[in-house]
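Taking it in order: structure first as structure tokens, then the write-up.
There are 2 protein chains.
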Amino acid sequence: MAAQLEQPTDISTDVALAVSTVIFALRIDPKTGLTTLWIPLVKRIREPHEGQWALPGGPLHCEESLADSAARTLKRSTGLTPKYLEQLYAFGAVDRSPGGSRVVSVVYWALVQSDEAERAVSDDNVEWHVADDLPTLAFDHNTIVEYALWRLRNKMEYSRVAHAFLGETFTLAQLREVYEAVLRKPVDPANFRRQMLASRAIVDTGRRLTGTSHRPPRLYRYNSDFTMADQGPLTPTRSH
Amino acid sequence: MAAQLEQPTDISTDVALAVSTVIFALRIDPKTGLTTLWIPLVKRIREPHEGQWALPGGPLHCEESLADSAARTLKRSTGLTPKYLEQLYAFGAVDRSPGGSRVVSVVYWALVQSDEAERAVSDDNVEWHVADDLPTLAFDHNTIVEYALWRLRNKMEYSRVAHAFLGETFTLAQLREVYEAVLRKPVDPANFRRQMLASRAIVDTGRRLTGTSHRPPRLYRYNSDFTMADQGPLTPTRSH
DNA sequence: CGCCTTAAAGTCATGTCAACCCTTACCCCG
DNA sequence: CGGGGTAAGGGTTGACATGACTTTAAGGCG
Numbered sequence: 039m040a041a042q043l044e045q046p047t048d049i050s051t052d053v054a055l056a057v058s059t060v061i062f063a064l065r066i067d068p069k070t071g072l073t074t075l076w077i078p079l080v081k082r083i084r085e086p087h088e089g090q091w092a093l094p095g096g097p098l099h100c101e102e103s104l105a106d107s108a109a110r111t112l113k114r115s116t117g118l119t120p121k122y123l124e125q126l127y128a129f130g131a132v133d134r135s136p137g138g139s140r141v142v143s144v145v146y147w148a149l150v151q152s153d154e155a156e157r158a159v160s161d162d163n164v165e166w167h168v169a170d171d172l173p174t175l176a177f178d179h180n181t182i183v184e185y186a187l188w189r190l191r192n193k194m195e196y197s198r199v200a201h202a203f204l205g206e207t208f209t210l211a212q213l214r215e216v217y218e219a220v221l222r223k224p225v226d227p228a229n230f231r232r233q234m235l236a237s238r239a240i241v242d243t244g245r246r247l248t249g250t251s252h253r254p255p256r257l258y259r260y261n262s263d264f265t266m267a268d269q270g271p272l273t274p275t276r277s278h
Numbered sequence: 039m040a041a042q043l044e045q046p047t048d049i050s051t052d053v054a055l056a057v058s059t060v061i062f063a064l065r066i067d068p069k070t071g072l073t074t075l076w077i078p079l080v081k082r083i084r085e086p087h088e089g090q091w092a093l094p095g096g097p098l099h100c101e102e103s104l105a106d107s108a109a110r111t112l113k114r115s116t117g118l119t120p121k122y123l124e125q126l127y128a129f130g131a132v133d134r135s136p137g138g139s140r141v142v143s144v145v146y147w148a149l150v151q152s153d154e155a156e157r158a159v160s161d162d163n164v165e166w167h168v169a170d171d172l173p174t175l176a177f178d179h180n181t182i183v184e185y186a187l188w189r190l191r192n193k194m195e196y197s198r199v200a201h202a203f204l205g206e207t208f209t210l211a212q213l214r215e216v217y218e219a220v221l222r223k224p225v226d227p228a229n230f231r232r233q234m235l236a237s238r239a240i241v242d243t244g245r246r247l248t249g250t251s252h253r254p255p256r257l258y259r260y261n262s263d264f265t266m267a268d269q270g271p272l273t274p275t276r277s278h
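Protein sequence lines, in the order shown, are assigned to chains A and B.
When we follow the working numbering, the leftmost residue of the first sequence carries the number 39, and every step to the right adds one.
When we follow the working numbering, the leftmost residue of the second sequence carries the number 39, and every step to the right adds one.
Okay, here's the thing in structure tokens:
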């Protein structure tokens, strides 16, 4: 027999089976000398895991897509509006939520800009934490964070994820700082410049950042007609 | 307020919201001169999309994990037992299933060996199709296939996915054939050998494949203490 | 035994990339 | 107004990866 694929008739929710979206939001703080990754956590105000910290999350509504749900939930619980949102993974172990209820969580991964982060959290139940040094979280959220960080660090080089952390325009030094925070190691400025320009991911605006106590760096912006897709492992850079 | 994260109380399935798993299974056929990728499709026997071809799939049961559900569903609808199973993506657009029902599908991506494939399909409603040339499928399954193939081809080089297609031991020529089928282009045997051996992903068994009409090739097997994780962009190959 | 086929190993040119040099530009401060 | 500090931004080198090609090994078969 063929599959009874996606037919609501025979899946009449015999037991509670819920779908929720969970958001792993990232922010970079350029203030502290060592740039580090920060993520917002929410304190649970009811069972299960009352009082423990958890990633922002909430139930999926019927009239919204997964991505919409993630954006809405993040906004509601932390006030943040992500600039970048991407699906990470669906977690669906049977026992990941205690108490016999079954929850499948689709985890999204969001990036927010530093300035945005300032005006967001105003609640005692929301707090920023350093991504690499978290307390024990509710549910399987520690596992989720671990996986998210691993993916982030592996994906860095062939995506423009880093750009989402910054504003419309930025200097190469700022962009490089983001890379260094994510990769947790210094990056050579000269080589970094070459790579970024060669990849055509960014474009010179012609303007410069003034007001510094040194030579004013150029301001760049994202290349609008540049998608991650043509950034495969084989970049045919036949530029001449 | 903090998120009402994953609490079954306030998500009491107001409207039908179901979770299903969908499997994109792949097989390589070494018979035909040009090795090609084949995937099993299932003909739908009821609405919606009755009579159309679709990827194998079915509702998630409450007492099974997502991966278990995918494996079980594939087995039930096609008879196949995958050697490799990995989550691909969760599809959750509001209108992806017609008729007002809301279905979130977690798509898994499975690889099966050629010999296994033989004894599987025995049903008129199950058929193997060439992955790059499919009919119009039910739901958004064409989109799913497109995405799956894109991911497969991009992931090839830094994962051992290809190995799953083959048996316990294999020759380099066999392994290369798999790569060529996936990448759709010829691969230089000599360079391929060098890469594979340098990556330490495979190990020489010491034995050779006899019975050929030419020089007997060495038999290799997977390197058990080799995970994709240490294959990151920074491979510290300080071997001396 | 010679011929065919394919495996397996070696050679060489080219490209890529990190590490490190350097010069240049600009602001600040005296 | 001129010197010093700082970072931009470009150049060079050497290690290493990669691609194209050549050479040798090993077996089957007529």
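Using N, Cα and C, we set each Cβ at its ideal position, and we do this for glycine too.
Every value quoted in this text rests on a predicted model; they were computed, and no experiment measured them.
Asked, Found
"At least three beta-carbon pairs within less than 8 Å, the stretch 241 to 257 of chain A to the stretch 198 to 217 of chain A", "yes"
"Whole-angstrom distance between Asp171/B and Ala186/B, CA atom to CA atom", "14 Å"
"Below-8 Å beta-carbon distance, Ser152/B vs any chain A residue", "no"
"Chain-order list of residues whose beta-carbon lies under 8 Å from that of Ala23/B (same chain, five-residue window excluded)", "Outside the displayed range of chain B (39 to 278) lies residue 23/B, so it cannot be described from this structure."
"Alpha-carbon to alpha-carbon, Val141/B and Tyr127/B", "14 Å"
"Inter-residue spacing [alpha-carbon to alpha-carbon] between Glu88/B and Asn163/B", "12 Å"
"Own chain residues within Cβ distance below 8 Å of Ser135/A, not counting five before or after", "Pro86, Val141 and Phe177"
"Cβ of Gln125/B within 8 Å of any chain A Cβ", "yes"
"Neighbouring residues, chain A, relative to Ala128/B (Cβ below 7 Å)", "Leu104, Gln125, Ala128 and Val144"
"Strand pairing of Gly95/B, partner residues [DSSP]", "Val60/B"
"From Arg253/B, Asn261/B, Gln233/B and Arg232/B, residue whose alpha carbon lies closest to that of Thr243/B", "Asn261/B"
"Short Cβ contact (8 Å threshold) for Ser107/A with Thr59/A", "yes"
"DSSP state of His201/B mapped onto helix, strand, coil", "helix"
"Identified DSSP bridge partners for Trp147/B", "Phe62/B and Glu124/B"
"Cα-Cα separation between Leu104/B and Pro97/B, rounded to whole angstroms", "10 Å"
"Opening and closing residue of the alpha helix (DSSP H) in which Val216/A lies", "Leu210 to Leu221"
"Where Phe168/B falls, given that 16 or more other Cβ within 10 Å makes a residue buried", "First, the residue type needs correcting, since residue 168/B is Val and not Phe in the sequence shown. Label assigned to Val168/B: exposed."
"For Ile83/A, the three-state DSSP class (helix, strand or coil)", "coil"
"Contact check, Ala236/B vs Leu149/B, beta carbons under 8 Å", "no"
"Test item: CB-CB of Gln90/A and Leu175/A under 8 Å", "yes"
"C-beta atoms of Phe230/A and Trp147/A nearer than 8 Å", "no"
"8 Å Cβ cutoff, Leu213/A in contact with chain B", "no"
"Whether Pro78/B touches Leu123/B by CB criterion (8 Å)", "no"
"Distance between Trp166/A and Lys113/B (C-alpha atoms, nearest Å)", "45 Å"
"Simplified DSSP state of Arg134/A, which is helix, strand or coil", "coil"
"8 Å Cβ cutoff, Leu98/A in contact with chain B", "yes"
"Contacts that Val220/B makes with chain A (C-beta to C-beta distance below 8 Å)", "Going along chain A, no residue has its Cβ under 8 Å from Val220/B, so there is no contact; the nearest lies around 13 Å."
"Residue environment, Trp76/B, which counts as buried when at least 16 other CB atoms sit within 10 Å", "buried"
"Proximity of Ile182/A and Leu55/A at Cβ, strictly below 8 Å", "no"
"Arg238/B to Ser143/B span [Cα, whole Å]", "36 Å"
"Within-8 Å CB hit, Val57/A to chain B", "yes"
"8 Å Cβ cutoff met for Thr74/B and Gly95/B", "no"
"Beta-carbon proximity list for Gly137/B, same chain, < 7 Å, skipping 5 on both sides", "Pro86"
"Nearest neighbour of Leu64/A, chosen from Arg189/A, Leu247/A, Asp133/A and His252/A [CA to CA]", "Arg189/A"
"Status (buried if at least 16 other CB within 10 Å, exposed otherwise) for Ile83/A", "exposed"
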